[in-house]
Amino acid sequence: MTAILGMLETGHLVRLSAVDLAIVIFYFALVLGIGFYLKRFAKTGEDFFLAGREMTAWVAGLAFVSANLGSLELLGWAGNAYQYGILAAHWYWIGAIPAMVFLGLVMMPFYYISKTHSVPGYLQLRYGSAASGLSAVTFAIMTILMSGVNMYAMAVVMKVVLGWDINFSMWVSSLTVGVYVAAGGLFSAIFNEVLQFFLIWFGALLIPILGLYETGGWKGMVARIQQNFPGQDFTHMWGPMHSFSSNPMGIHWTGIVFGLAAVQSMGYWTTDFLVVQRVLSAKDIRSAKMAPIIGSFFKMAVPLIVILPGLLGLAVLPMHLVPGSQVQPGQHSYDEVLPLMLVRYCGPGLLGLGVTALVAGFMAGMAGNVSAFATVWTYDIYRPFIKKNAPDQHYVAMGRWCTIIGLFVSIGTAYLAMKFASLMDYVQALFGFFIAPLFGTVLLGMLWKRVTKAAGFLGLLAGTLTSITLFFLMKSSPHWVAIFALSPEAKGLAQAMYQSLWSCTTCVVITILVTLVTKPRPDEELRGLVYSLTDVAKEEHASLFHKPVFWGTAALAALVILQIIFR
Amino acid sequence: MSEKHNIIPVWFFVGVLFLVYGVLIFGSGLAEWSHPPNTVLADLHAPVWWGALLIVLGVVYCGAFRPRQ
Chain D
8 MTAILGMLET
18 GHLVRLSAVD
28 LAIVIFYFAL
38 VLGIGFYLKR
48 FAKTGEDFFL
58 AGREMTAWVA
68 GLAFVSANLG
78 SLELLGWAGN
88 AYQYGILAAH
98 WYWIGAIPAM
108 VFLGLVMMPF
118 YYISKTHSVP
128 GYLQLRYGSA
138 ASGLSAVTFA
148 IMTILMSGVN
158 MYAMAVVMKV
168 VLGWDINFSM
178 WVSSLTVGVY
188 VAAGGLFSAI
198 FNEVLQFFLI
208 WFGALLIPIL
218 GLYETGGWKG
228 MVARIQQNFP
238 GQDFTHMWGP
248 MHSFSSNPMG
258 IHWTGIVFGL
268 AAVQSMGYWT
278 TDFLVVQRVL
288 SAKDIRSAKM
298 APIIGSFFKM
308 AVPLIVILPG
318 LLGLAVLPMH
328 LVPGSQVQPG
338 QHSYDEVLPL
348 MLVRYCGPGL
358 LGLGVTALVA
368 GFMAGMAGNV
378 SAFATVWTYD
388 IYRPFIKKNA
398 PDQHYVAMGR
408 WCTIIGLFVS
418 IGTAYLAMKF
428 ASLMDYVQAL
438 FGFFIAPLFG
448 TVLLGMLWKR
458 VTKAAGFLGL
468 LAGTLTSITL
478 FFLMKSSPHW
488 VAIFALSPEA
498 KGLAQAMYQS
508 LWSCTTCVVI
518 TILVTLVTKP
528 RPDEELRGLV
538 YSLTDVAKEE
548 HASLFHKPVF
558 WGTAALAALV
568 ILQIIFR
Chain Z
654 MSEKHNIIPV
664 WFFVGVLFLV
674 YGVLIFGSGL
684 AEWSHPPNTV
694 LADLHAPVWW
704 GALLIVLGVV
714 YCGAFRPRQ
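Heads up: the sequence lines are chains D and Z, in that order. Using this note's numbering, read the first sequence as starting at 8 and increasing by one per residue. Using this note's numbering, read the second sequence as starting at 654 and increasing by one per residue.
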C-alpha cells in the first residue's frame, strides 16, 4: 500500500485521446446496460445470490479466475515481478494450480451436493451456528473493508495514471458497480467478470508480444536484464530458494511448498467465498467440478500478462524503478511498471483498451466483494439470526438493499483509508488471519465424519487467534520472525506464509483434540456433507476427455513442466 | 448457457465488446498510419492488426451466439 501512495508523488503518466475516452465510456454504458437487462431474470433468491445455479463450466470457470484477477493484483504482482523476478510467478503456479484442482476434484462435490449457498452455509450444516456465525461475521467485515481499501487504491492509481480526481473515480465506479449488482445480482457480477477477463487479456497481451519482439525473445530479454542488473538472478524460480539469504524475497523453498502451496493458497482458493460463490452457481455437479479446473489453465497463463511485463520492464525501461516508500520527484515505483509498459508501446486506442482493462478489473473486484457480502449477510447473518422464515422475496429485497448499503460502507472505508494509510495494511492482514484456519476447519469437516460441532468452532477460533498473535509478534521483533518464520531474514511475504502454516496446524490439532473428547453427530445428520457419507456420482460412462479428473491431472502435469522449464 | 431463463449468452456481449473496440482501434490505427504516435515499435502499426483481430473475433462471437427466438 505504501507503494500505491508513493505513486501520488510522480504525476500522471497517460493522456487519453478522444478514442480512448470513447472506449472507457462504452464500457461503462455496456455494463450498466447488461445490469438492467439481467434485472428481469434475478427474481428469486437463487437467481439473485447464485445466478439461478445455471452457469456452464466455462462461464463459472472464467468468472472464478476473473474474480481473483483484480487490477490491484495485476499492478502489484507486475511490480513484484520487477522487484523479485520470476519468483513472483510462484503465486500463480504452485501457489494456485494445486489448490484449484483440489477444489474441483475433492471439495466441490460436498459444497454442491449439500446445496449450500455459501461457505459459512456449509459450516452451518456441518458444525452449526457458532462456527458458521464466526465465519460469516468475519468474512462480511473483511470483504466490505477490503472493498473500500481496494476502491481507494484504485482511485489513487487512476489519479497517478490518468490524472482523474480521486473522489470522481471512487464515486463513478462504485455507483456503477452498485447499480448493476443491485439490479442483476450475481448474474450481473458474473457477466461482467467474463467481460473483464477478455478485456484484461486483450488489453494487456500486447505488452509481452511487443516487449519480446523488442528484446529479441526470452534469451534477449534475459541478456538485457543481466546487462542492466549484473550479478542478480531474476529468471529462475527454484534455484535461488535454497536459503533465505540467496534471494531478494527472503524465502526458503519450504515456505513456498508448505506455507504457500499447502496452506495459504489452499485456504484462499477453497474457502474464500468470493471465488467459491462463482463455482456454486454452476448448473450441475460436473460443471462445478470442471469450473475451477478450467480456471486453473487460465490462471497458469496469467504470468504472461503480469509477470512477463515486470521482467520486460527490467530489460527495456530506461530508468530503474524504486520501492514506493522511496519515490522522489521524477522517479517511479515498482507498482508503476505495468502502466509504464502500457504507455511505452500503446498509442491512442490501444491505450484506452489497456486503461479500460484496469478500470474493469477494479470494478469487477468491487462487484465480487459486494455480491459475496450481500449473500453472506442475507443468508448467513440476517436470515438465521435476525429474521427467520420470511418469504423469499423479502430476502431478495434485503440482498439488493445491502448491496447498496455495503457499497456506501465501502466508500466510507475508502475515505478512512485516505486519512489513515496504515489502515490499508491492517485490512489486508485481516484477510490472512481467517483464511488458513478456515481451510483446516472445512477440510476436516468434509473428510472426517467424527469431527464434532464444538471441535469445529474451537479449532477455527484457535487457528484465528494463533494467526493474529503471530502477526503482531513478528511485527514487533525479529526475534519472533526467527522463531516462527525460521529465519530473521524472512521478509513480509515469507512471514505471511509461515503464519498461515502455523495457524492452520493449530486449527487442525485443536480440532482433533476436542473431537476426541466430545460426542460425534449421528450419521444421518451428516449425509451429503462428509466424504464417507456422500454418494458422489461416478463418471464411468463419460469419455476420458469429459472426466474432470483427466483435465485436473493435465493441469498438474502442465504445472510440473513449467517448474522444470523455469527452475 | 441459461436454458431456464433464456438469457442472451454472455459470449454475445463479449462479441459486441470486441466488435465495437475493434472498429474504434482499427480506425484509430488507420487514421495515424502516416503519423504514428511517439511509442516504441510504432512502425509495426499494432492498432491496425490488433483492431482487425478484435473485429474478426467480434463477428465470430456475435454470429455464433446471437439471440435466437
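Where is the CB? At the ideal position from N, CA and C, for every residue including glycine.
According to the DSSP assignment, Tyr91(D) belongs to the alpha helix (DSSP H) that extends over Ser78 to Tyr91.
Residues are counted here when their Cβ sits less than 8 Å from a Cβ of chain Z; for the region 211 to 244 of chain D these are Leu213, Leu217, Tyr220 and Glu221, given in chain order.
From the listed residues Ile660(Z), Tyr674(Z), Asn659(Z) and Ile661(Z), the smallest Cα separation to Val712(Z) is found for Tyr674(Z). One finds Leu670, Val673, Tyr674 and Leu677 in chain Z with Cβ atoms closer than 9 Å to the Cβ of Phe33(D), taken in chain order.
Note that the region 401 to 419 of chain D touches the region 183 to 199 of chain D; at least 3 beta-carbon pairs, one per stretch, sit closer than 8 Å. For Tyr119(D), the enclosing alpha helix (DSSP H) starts and ends at Met115 to Ile120.
Within 9 Å of the CB of Gly704(Z), the CB atoms of chain D belong to Gly356 and Leu357, in sequence order along the chain. Scanning Ser181(D), Gln239(D), Leu79(D) and Ala29(D) for the CA closest to the CA of Ile93(D) turns up Gln239(D). Residues Thr277 and Met453 of the same chain have their beta carbon placed closer than 7 Å to that of Met114(D), with the five preceding and five following residues left out of the count. Taking 7 Å as the CB threshold, Ile660(Z) lines the interface with chain D. Annotation for Leu169(D): His19, Val21, Leu23 and Val362 place their beta carbon closer than 7 Å to its own, counting only its chain and skipping 5 residues before and after. At a cut-off of 7 Å, the C-beta of Pro690(Z) has a neighbouring C-beta in chain D.
When beta bridges are read from the DSSP output, Ala289(D) appears opposite Met62(D). With a threshold of 7 Å between beta carbons, Val667(Z) makes contact with chain D.
For Leu212(D), the closest C-alpha among the options Thr63(D), Pro316(D), Gly406(D) and Thr522(D) is that of Pro316(D). In this structure, Met373(D) is the residue among Lys46(D), Phe446(D) and Met373(D) with its C-alpha nearest to the C-alpha of Ser417(D). At least one CB atom of chain Z sits nearer than 7 Å to the CB of Val26(D). In this structure the region 204 to 220 of chain D does not lie against the region 86 to 102 of chain D, because fewer than three pairs of beta carbons, one per stretch, are closer than 8 Å. Around Leu328(D), no beta-carbon contact reaches into chain Z at under 8 Å, the shortest distance being about 17 Å. Our two residues, Trp98(D) and Thr512(D), have alpha carbons roughly 21 Å apart in a direct line.
Using a Cβ-Cβ distance cut-off of 8 Å, the region 322 to 336 of chain D and the region 229 to 244 of chain D are in contact, since at least three pairs of beta carbons, one from each stretch, lie closer than that value. Sorting Ile660(Z), Ile661(Z) and Val667(Z) by C-alpha distance to the C-alpha of Glu200(D) places Val667(Z) at the top. Taking a Cβ-Cβ threshold of 9 Å, the residues of chain D close to Ala695(Z) are Tyr352 and Gly354, in chain order. Taking a Cβ-Cβ threshold of 7 Å, the residues of chain D close to Ser681(Z) are Val26, Pro355 and Gly356, in chain order. In terms of beta-carbon proximity, Pro700(Z) lines the interface with chain D, with at least one pair separated by less than 7 Å. In the structure shown, the three-state DSSP call for Val329(D) is strand.
In this structure, DSSP gives Ser340(D) an extended state, which the three-state scheme calls strand.
A direct Cα-Cα distance of roughly 44 Å separates Leu706(Z) from Thr261(D). For Val709(Z), no chain D residue has a Cβ inside 7 Å of its Cβ, as the nearest lies near 12 Å away. Taking a C-beta cut-off of 7 Å against chain Z, none of the residues of the region 365 to 384 of chain D qualify. Ala64(D) places its beta carbon less than 7 Å from that of Ser294(D).
With a cutoff of 7 Å on beta-carbon distance, Ala503(D) and Ser272(D) are scored as not near each other. Val201(D) has a beta carbon lying within less than 7 Å of a beta carbon in chain Z.
Linking Ser483(D) to Glu496(D) through their CA atoms gives a straight-line distance of about 15 Å. Within the same chain, Pro700 come within 7 Å of Ser681(Z) by CB-CB distance, once the 5 residues on both sides are set aside. Rounded to the nearest whole angstrom, the CA to CA distance from Thr560(D) to Gln335(D) is 49 Å.
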